[in-house]
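K.L.:
Take a look at this one; I'll ask things after.
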Ligand SMILES: Nc1ncnc2c1ncn2[C@@H]1O[C@H](COP(=O)(O)OP(=O)(O)O)[C@@H](O)[C@H]1O
Ligand SMILES: [Mg+2]
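Set out below in structure tokens:
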């Protein structure tokens, strides 16, 4: 016989859960209120992890620091006026929100920068791949599924979720014409996104439960490669007799020409383009980033008593080979794996001490 809970027990559990949620919320709110990093401080913390993309980091650090500082100030004020009622404060707080759009090649740090920044601020963060919305079979699916994920990441606490960040990956994949080829209405998907991005009140379905989640304070960052954009902007520039780098002349109409809805793009007023990572950047990612993939391998080997040592030339060779893969920093992981596979298999248990990898060694392994 399972232990039967009396109504009294059940009420007590409910009360405890309620108290826990309240505590979580208060901690999260206090955390935001205490947030006081300047954009420059936030950027220099990001520099420890994200290599290059100086302009990108600057734009993101500024937008994010201002957003949370603003939210903190508004919450503080609203809480004072509403006598500590967080729901009322969240509803009342005004934060003219500046969602961010990042355009740039694959593997150059769009998602990563956002993730690092959210971690530094200390708010819930989710990455949603929008490709799934452009696939056949996703017709009629609800963009509010995204909010379910946010809620889960926030530990089921809808107040904490409202202070989080959402990264919309591959937003270019819901461009109208791309999606139309697959016989799904891209317009419909974009309308759904628009509603969510600006949404005061979004209905979220959790099994049989229905919740209302406001995204008024949720910071959205969208990223995409936007392959067509270069041609679009260049031809517009030449039509207008203008010169210069296309990346510095992005207008809303260019995104519209590339199949995006004007209104949706209007919700992403902060725009920045990311650069292709150079071979030197890739070397720096290996040797300087605080969570470089090489560091991860070094730690793995150290656990077996093996000191992994890459020569400077070896790092360069790995970076050169990764660069050729054309998938940005993602190439580093696959190249490193190929270089180290044999040793990862062979050495643990049979060797302790140094494992020195030089340029020739890399070449041999990649033959
Ligand atoms: N600029 C960078 N500095 C350090 N690491 C990077 C950088 N760009 C990419 N990476 C590494 O490559 C991985 C993939 O990058 P990601 O941000 O997902 O690319 P994308 O631009 O396609 O979103 C990251 O998880 C990170 O480990
Ligand atoms: Mg990405």
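Numbering (this note's numbering), first residue to last: 103 to 469.
Yeah, the Cβ is synthetic: ideal placement off N, Cα and C, and Gly gets one too.
1) Mind pulling the alpha helix (DSSP H) runs of 4 or more residues that sit fully within the segment 313-346?
2) In angstroms, rounded to a whole number, what distance separates the CA positions of residue 376 and residue 441?
3) Any heavy atom of ligand 1 within a distance shorter than 7 angstroms of the CB on residue 465?
4) Secondary structure at residue 123, three-state DSSP: helix, strand or coil?
5) Check each candidate in 335, 230, 414 and 406 and name the one with the smallest Cα separation from residue 353.
6) Looking at C-beta atoms only, is the number of pairs between the segment 308-328 and the segment 186-195 that lie closer than 8 angstroms three or more?
7) For ligand 1, I want to know if residue 399 counts as a neighbour, meaning its beta carbon is within less than 7 angstroms of at least one of the ligand's heavy atoms.
8) Please determine, among 124, 333, 385 and 369, the residue with the shortest C-alpha to C-alpha distance to residue 187.
9) Specify the secondary structure class of residue 269 as computed by DSSP and reduced to three states.
10) May I have the straight-line CA-CA distance separating residue 296 from residue 418, to the nearest angstrom?
11) Where do the N-terminal and C-terminal ends of the alpha helix (DSSP H) with residue 382 fall, by residue?
12) Of the choices 197, 268, 267 and 274, whose alpha-carbon is the least far from that of residue 234?
13) Given residue 145, which residues of its chain have a CB within under 7 angstroms of its CB, disregarding the five upstream and five downstream residues?
14) Distance check for residue 450 and residue 385, CA to CA, integer angstroms please.
15) In terms of residue numbering, what span does the beta strand (DSSP E) encompassing residue 411 cover?
16) Does the beta-carbon of residue 341 have 16 or more other beta-carbons within 10 angstroms, so that it is buried, or is it exposed?
17) Pull up the DSSP beta-bridge partners for residue 213, would you.
18) Quick one: is the Cβ of residue 433 within less than 7 angstroms of any heavy atom of ligand 2?
19) Please tell me whether residue 324 and residue 270 are closer than 8 angstroms, where the distance is taken between their beta carbons.
20) Could you tell me if residue 199 is buried or exposed, where buried requires 16 or more neighbouring beta carbons within 10 angstroms of its beta carbon?
21) Would DSSP call residue 377 helix, strand or coil?
22) Which residues does DSSP pair with residue 203 in a beta bridge?
23) If you measure between the beta carbons of residue 387 and residue 208, is that distance less than 8 angstroms?
24) Give the range of the beta strand (DSSP E) segment to which residue 274 is assigned.
25) May I ask you to check if the CB of residue 212 is nearer than 7 angstroms to at least one heavy atom of ligand 2?
26) Assign residue 108 to one of three DSSP states: helix, strand, or coil.
27) May I ask you to report which of helix, strand or coil DSSP gives residue 355?
28) Just mark residue 226 as buried or exposed, buried being the case when its beta carbon has 16 or more other beta carbons within 10 Å.
29) Does the Cβ of residue 380 lie closer than 7 angstroms to at least one heavy atom of ligand 1?
30) Taking C-alpha atoms, which residue in 314, 129, 339 and 141 lies nearest to residue 177?
31) Whose C-alpha, out of 462, 196, 255 and 155, is nearest the C-alpha of residue 220?
32) Taking 8 angstroms as the threshold (C-beta atoms), are residue 278 and residue 293 in contact?
P.N.:
Reading from the atomic positions:
1) Within the segment 313-346, the complete alpha helix (DSSP H) runs of at least 4 residues are 331-341.
2) Within the chain shown, numbered from 1, the residue matching residue 376 stands at position 274. Within the chain shown, numbered from 1, the residue matching residue 441 stands at position 339. Computed Cα separation, rounded: 29 angstroms.
3) If you number the chain shown from 1, residue 465 lands on position 363. Look at residue 465: its beta carbon is at least 7 angstroms from all of the heavy atoms in ligand 1.
4) On the chain shown, residue 123 is found 21 positions in, with the first residue counted as 1. Residue state, collapsed to three classes: helix.
5) Numbered from its first residue, the chain shown carries residue 353 at position 251. Its Cα nearest to that of residue 353, the residue 335 stands out among 335, 230, 414 and 406.
6) Touching, yes.
7) Working through the chain shown from its first residue, we reach residue 399 at position 297. No, Cβ of residue 399 sits at least 7 angstroms from all heavy atoms of ligand 1.
8) Within the chain shown, the letter at position 85 stands for residue 187. Of the listed residues, the one whose Cα sits closest to residue 187 is 124.
9) Here residue 269 refers to the residue found at position 167 of the chain shown. Note: residue 269 maps to strand in three-state DSSP.
10) For the purposes of this step, residue 296 is taken as residue 194 along the chain shown, with counting starting at 1. For the purposes of this step, residue 418 is taken as residue 316 along the chain shown, with counting starting at 1. In a straight line, the C-alpha of residue 296 is about 44 angstroms away from that of residue 418.
11) The count along the chain shown starts at 1 and reaches residue 382 at position 280. Taken as a continuous stretch (DSSP letters only), the alpha helix (DSSP H) holding residue 382 covers 381-389.
12) Reading the chain shown from its first residue, position 132 is the one you call residue 234. Restricting attention to 197, 268, 267 and 274, the CA atom closest to the CA of residue 234 is found in 274.
13) Along the chain shown, one-based indexing puts residue 145 at 43. By the criterion of a C-beta distance shorter than 7 angstroms, residue 145 is surrounded in its chain by 159, 160 and 163, once the five residues flanking it on both sides are discounted.
14) Counting from 1 along the chain shown, the entry for residue 385 is found at position 283. Counting from 1 along the chain shown, the entry for residue 450 is found at position 348. The alpha-carbon atoms of residue 385 and residue 450 are separated by roughly 27 angstroms.
15) As a position in the chain shown, residue 411 is number 309, starting the count at 1. That run of the beta strand (DSSP E) goes 408-412.
16) Within the chain shown, residue 341 is the residue found at index 239, counting from 1. Burial is judged here by how many other beta carbons sit within 10 angstroms of a residue's own beta carbon; residue 341 has fewer than 16 and is exposed.
17) Indexing the chain shown from 1 puts residue 213 at position 111. Answer is none; residue 213 lacks a bridge partner.
18) For this step, residue 433 is matched to residue 331 along the chain shown. No, Cβ of residue 433 sits at least 7 angstroms from all heavy atoms of ligand 2.
19) Position 222 of the chain shown, counting from 1, holds the residue named residue 324. Position 168 of the chain shown, counting from 1, holds the residue named residue 270. Yes.
20) Position 97 of the chain shown, counted from the start, is the residue given in the question as residue 199. Around the CB of residue 199, 16 or more other CB atoms lie within 10 Å, so the residue is classed as buried.
21) For the purposes of this step, residue 377 is taken as the residue at position 275 of the chain shown. Here residue 377 carries a coil assignment [DSSP, helix/strand/coil].
22) Numbered from its first residue, the chain shown carries residue 203 at position 101. In the DSSP secondary-structure assignment, residue 203 is bridged to 324 and 373.
23) Numbered from its first residue, the chain shown carries residue 387 at position 285. Numbered from its first residue, the chain shown carries residue 208 at position 106. With a cutoff of 8 angstroms on beta-carbon distance, residue 387 and residue 208 are scored as not near each other.
24) Your numbering for residue 274 matches position 172 in the chain shown. Residue 274 -> no beta strand (DSSP E), and no H or E assigned at all.
25) Position 110 of the chain shown, counted from the first residue, corresponds to residue 212. With a threshold of 7 angstroms, the Cβ atom of residue 212 counts as near ligand 2, since some heavy atom of the ligand is closer than that.
26) Here residue 108 corresponds to residue number 6 of the chain shown, with the count starting at 1. It is coil, neither helix nor strand.
27) Taking the first residue of the chain shown as 1, we reach residue 355 at position 253. Note: residue 355 maps to helix in three-state DSSP.
28) As a position in the chain shown, residue 226 is number 124, starting the count at 1. Burial check for residue 226: the Cβ neighbour count within 10 Å reaches 16 or more, so the residue is buried.
29) For the purposes of this step, residue 380 is taken as residue 278 along the chain shown, with counting starting at 1. Flag unset: Cβ of residue 380 not near ligand 1.
30) In the chain shown, the residue the question calls residue 177 occupies position 75. Cα-wise, what sits closest to residue 177 is 129.
31) Numbered from 1 along the chain shown, position 118 holds the residue referred to as residue 220. Of the residues 462, 196, 255 and 155, the one whose Cα lies closest to the Cα of residue 220 is 255.
32) By 1-based counting over the chain shown, the position of residue 293 is 191. By 1-based counting over the chain shown, the position of residue 278 is 176. Inclusion of residue 293 and residue 278 in the CB contact set at 8 angstroms is not warranted, their separation being larger than that value.
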